[in-house]
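Worksheet: the structure to be examined is printed underneath.
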Amino acid sequence: MGLLLGGSKAWPKRKMLVKFGRSSCNLTESRCNELLARVHGGMSRAMGELSDYRIAHHEFDAVGEKMICAWEKGLARSIEPE
């Protein structure tokens, strides 16, 4: 990540994203959870589309596999409830 969040440039965990949403954006915890759920839904849809693309374009399969792996790690770290 290019900016500091909580004193770190590491990609934030869900708890830190909610804290940021509450303190810097004046969101309720419920609204933060709703928005993170929407991100999860969008990422799930994108992963499905990427899977279809990998099937149609075999030359992209290795890159697509790495993308899916990175996205799954990101979802587990930042989006999915702890």
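The sequence shown begins at 11 in our numbering and counts up by one.
Glycine is no exception: its CB is placed at the ideal position from the N, C-alpha and C atoms.
Fair warning: this is a prediction, and the values are worked out from it, not measured in the lab.
Is L15 helix, strand or coil when you go by DSSP?
Here residue 15 is taken as the residue at index 5 of the sequence shown, counted from 1. Reduced to three states, the DSSP call for L15 is strand.
Going by DSSP, what residue range makes up the alpha helix (DSSP H) through C59?
The residue labelled residue 59 in the question sits at position 49 within the sequence shown. It is Glu, not Cys, that sits at residue 59 in the sequence shown. For E59, the uninterrupted alpha helix (DSSP H) segment begins and ends at E39 to A66.
Limits of the alpha helix (DSSP H) - the one that F30 falls within:
To locate residue 30, count along the sequence shown from 1; it is residue 20. Counting along the chain, the alpha helix (DSSP H) containing F30 begins and ends at R24 to C35.
Cβ pair F30, L15 closer than 8 Å:
Locating residue 30 in the sequence shown gives position 20, counting from the first residue. Locating residue 15 in the sequence shown gives position 5, counting from the first residue. A distance below 8 Å separates the beta carbons of F30 and L15.
Cutting at 8 Å between CB atoms, please list the residues of its own chain near H6, excluding the five before and the five after it.
With the chain represented from 11 up to 92, any question about residue 6 goes unanswered, as that position is not in the structure.
Return the chain-ordered list of same chain residues with a C-beta closer than 6 Å to the C-beta of M26, the five sequence neighbours on each side being excluded.
By 1-based counting over the sequence shown, the position of residue 26 is 16. Cβ neighbours of M26 beyond the five flanking positions: G16.
Alpha helix (DSSP H) segment containing E90, residue limits:
Within the sequence shown, residue 90 is the residue found at index 80, counting from 1. From DSSP, E90 is part of no alpha helix (DSSP H); its letter is neither H nor E.
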